[in-house]
Amino acid sequence: MMNEVPAGWRIVRLADVLSEPLVNGRSPRLGEGGLPVLRMPALRAATVDFTQSKSSDRSDNGHAILLAEHGDVLVGRVNGSHSLVGEGALVDGPRPRRPSPTP
Numbered sequence: 001m002m003n004e005v006p007a008g009w010r011i012v013r014l015a016d017v018l019s020e021p022l023v024n025g026r027s028p029r030l031g032e033g034g035l036p037v038l039r040m041p042a043l044r045a046a047t048v049d050f051t052q053s054k055s056s057d058r059s060d061n062g063h064a065i066l067l068a069e070h071g072d073v074l075v076g077r078v079n080g081s082h083s084l085v086g087e088g089a090l091v092d093g094p095r096p097r098r099p100s101p102t103p
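Dropping the structure here:
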């Protein structure tokens with residue numbers, strides 16, 4: 001069931017408005033000081049919570065293109081909870097240089 005579309009908005013196919021093709025996320029091993037990796041809880045309330053990230057074992061070495069940038073829209077594809085599938089979030093501001101440590 002679809003929610004009501006606000007006045008002035010229209011429904012379009014996602015593929016018709018993407019500036020880049022859809023890609024799957026990555027699952028690198030955890031490490032220290034590598035590129036940050038967002039956890040699924042980072043996609044909340046339509047924004048990205050960068051405190052919900054962990055450090056990977058990957059260095060930049062050409063992987064910087066994988067980093068979320070201002071204006072990106074991230075969509076949850078799979079997770080243990082069906083309620084998170086399709087959850088979208090806007091990257092609304094600069095990302096931190098390094099992820100916050102996770103307990």
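So in full-length UniProt numbering, the last one in the sequence shown is 103, and the numbering has no gaps at all.
Beta carbons are placed, not taken as given, at the ideal position from N, Cα and C, and that holds for glycine.
Linking residue 19 to residue 41 through their CA atoms gives a straight-line distance of about 25 Å. Contact annotation: residue 93 and residue 75 have beta-carbon atoms that are not nearer than 8 Å. Note on residue 67: under 16 other CB atoms within 10 angstroms of its CB, so exposed under the neighbour-count rule. For residue 89, the pairing in a beta bridge is given by DSSP as 74.
In the DSSP annotation of this structure, the continuous segment of the beta strand (DSSP E) that includes residue 53 starts and ends at 53-55.
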